[in-house]
Every structure is written in structure tokens, then in C-alpha cells.
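Position in the sequence shown (from 1) plus 135 gives the number in this note's numbering.
Idealized CB from N, CA, C, for every residue including glycine.
These figures come from a predicted structure and were not determined experimentally.
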Amino acid sequence: MYIILNIIKKCFFNWRKILPLTLFSVPLAFLGGYLKISQTFFFILLGFTLLTAAVLMWISKYIVDSSSNVKSISVTKNSVLGGLIGFVSGIVGIGGGVFLSPLLHLTHWDSPKKIAATSSFFILVNSIAGLFGQYQANHNNPDFYFDTHLALLFMLTVLVGGQIGSRLSATKIPPFVIKRITAVLIAFVGLRILFKHLY
């Protein structure tokens with residue numbers, strides 16, 4: 136949330152472009168979270184999603200380096216792109232920024248700073264919508280349980296890890312190296328999930 140407020144303060148948002156992206160992504164992220172699917176299908180989709188995210192993260196340096204001239208993308212294309220990513224994100228529980236950012240760079244959607252700002256906002260609203268959809272689908276299920284302590288632990292871990300990562304990237308390790316290390320870890324997790332549920 137702090138990142139979003141800081142971005143708004145620095146005027147990195149282009150609302151005319153962001154609103155079409157989120158017009159369908161938010162309701163479809165909710166629908167994806169609400170959708171009841173088998174456990175096997177969920178893990179297979181999650182595995183492929185993680186592998187796709189890893190590939191996009193690995194090649195992101197070349198994508199960003201090649202994005203220079205900003206091109207105009209129609210409202211329809213923005214809406215369809217946002218809706219598709221939002222739906223998949225809602226199902227697997229990933230905010231969607233890891234897919235959106237490379238695709239926006241590939242299409243020369245806007246400047247790198249505005250793409251980063253848009254992806255941060257996209258992750259926030261779609262994560263909330265997807266979580267709300269999952270809650271609505273499962274809150275009457277007697278097996279449904281929200282572990283507050285575990286959630287707080289995850290939040291603390293993400294906060295600490297984010298601080299460590301930002302400091303390392305700012306001082307010692309180039310950002311693209313951190314991205315590639317992360318991509319390898321994500322690919323490893325994705326492959327393990329697929330091998331476990333496909334064989």
C-alpha cells in the first residue's frame with residue numbers, strides 16, 4: 136500500500152490507460168477466485184503459471200531494454216489483456232503483475248516507470264478481488280480456515296525479504312541478477328508441482 140501511495144504522489148499513473156486494464160480484470164479476478172476447481176487442475180495450472188512467470192522474469196531485461204517508443208493500445212485490447220490476466224490470477228492466487236509487466240513492455244505500452252506503477256496497482260486490486268472471491272466461495276465450508284498467525288508471518292517475511300532485496304539491488308547485486316535468481320527458484324517450484332501432480 137505504501138508503494139502505491141508513493142507512486143501516486145510522484146504521478147506515475149496514467150489513469151486513461153489503467154482503467155481499461157482493470158475494468159474487467161477486477162471482476163474476473165473475483166470470478167477466478169470464486170470458481171471451484173479440482174485440486175489436481177489447480178496445481179497443474181499453478182505449475183504452468185509459475186513456469187510462464189519464470190520465463191517472463193528471465194527475459195524481462197531484454198524486453199525492457201528493447202522498449203523505447205510508446206505505442207497507443209486500444210481500450211478493447213487493454214480490457215481483454217487485463218481480463219485474461221485477472222481471471223488466471225484469481226484462480227491461482229497470483230497478483231498478475233509478473234505477467235502484465237513483460238507484456239506491457241513488449242507492446243511498448245508506456246515508459247518503464249509507468250509500467251512498474253501500473254503493475255503495482257494491478258497486483259493490489261486483483262489480489263484483493265481474488266482473495267475476496269475465494270473467501271465468498273469457501274467461507275461456508277466447514278473445512279475453510281483462515282490462519283491469522285500464518286498470514287501475519289507471511290506478511291512479515293515478505294516485508295523483511297523485500298527490504299533485504301531492495302538494499303542488495305541498490306548496493307551490491309544488479310536488479311537483473313536478483314530477477315534471474317528469483318526466476319530459477321520459481322521455475323524449480325513450478326516443475327516440482329507439475330511432476331508431483333502429472334506423474
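Report back the beta-carbon spacing between residue i and residue j to the nearest angstrom; my notes put them in contact at under 8 Å.
| i | j | result |
| --- | --- | --- |
| leucine 163 | phenylalanine 222 | 4 Å |
| asparagine 276 | glycine 225 | Their Cβ separation, rounded to whole angstroms, is 18 Å, which puts asparagine 276 and glycine 225 out of contact at 8 Å. |
| valine 233 | methionine 192 | 6 Å |
| histidine 240 | isoleucine 250 | 6 Å |
| lysine 212 | histidine 243 | Not really, about 13 Å apart at Cβ, beyond 8 Å. |
| glycine 325 | glycine 182 | 5 Å |
Once you ignore the five residues that flank residue i on each side, which residues in its own chain have a CB closer than 7 Å to its CB?
| i | result |
| --- | --- |
| lysine 145 | In this prediction, lysine 145 has a pLDDT of 49, which is less than 50 and means its spatial position is unreliable; what the coordinates show is noted afterwards. None. |
| leucine 180 | Ile226, Val227 |
| threonine 157 | Gly217, Phe257, Val260 |
Classify residue i as buried or exposed, calling it buried when 16 or more other Cβ atoms lie within 10 Å of its own Cβ.
| i | result |
| --- | --- |
| histidine 284 | exposed |
| arginine 151 | exposed |
| phenylalanine 165 | buried |
| glycine 268 | buried |
| isoleucine 316 | exposed |
| serine 254 | buried |
| alanine 252 | buried |
| leucine 291 | exposed |
| isoleucine 299 | exposed |
Report yes if the CB atom of residue i is closer than 8 Å to the CB atom of residue j, and no otherwise.
| i | j | result |
| --- | --- | --- |
| isoleucine 313 | leucine 185 | no |
| glycine 218 | phenylalanine 159 | yes |
| histidine 332 | phenylalanine 178 | yes |
Skipping 5 residues on each side, what residues in its chain have a beta carbon closer than 8 Å to that of residue i?
| i | result |
| --- | --- |
| isoleucine 194 | Pro237 |
Enumerate in chain order the residues of its own chain whose CB-to-CB distance from residue i is below 6 Å, with the five nearest sequence positions on each side excluded.
| i | result |
| --- | --- |
| glycine 168 | Gly225, Gly265, Gly268, Gln269 |
| alanine 318 | Ala189, Met192, Trp193 |
| proline 155 | Val210, Asn213, Ser214 |
Roughly how many whole angstroms lie between the Cα atoms of residue i and residue j?
| i | j | result |
| --- | --- | --- |
| leucine 216 | glutamine 271 | 25 Å |
| serine 246 | tyrosine 334 | 43 Å |
| isoleucine 172 | aspartate 278 | 16 Å |
| leucine 235 | leucine 170 | 22 Å |
| phenylalanine 311 | aspartate 282 | 35 Å |
| glycine 296 | isoleucine 263 | 21 Å |
| threonine 187 | phenylalanine 330 | 16 Å |
| leucine 287 | tyrosine 280 | 15 Å |
| leucine 294 | isoleucine 220 | 25 Å |
| leucine 320 | proline 309 | 17 Å |
| asparagine 149 | isoleucine 208 | 13 Å |
| isoleucine 153 | alanine 322 | 29 Å |
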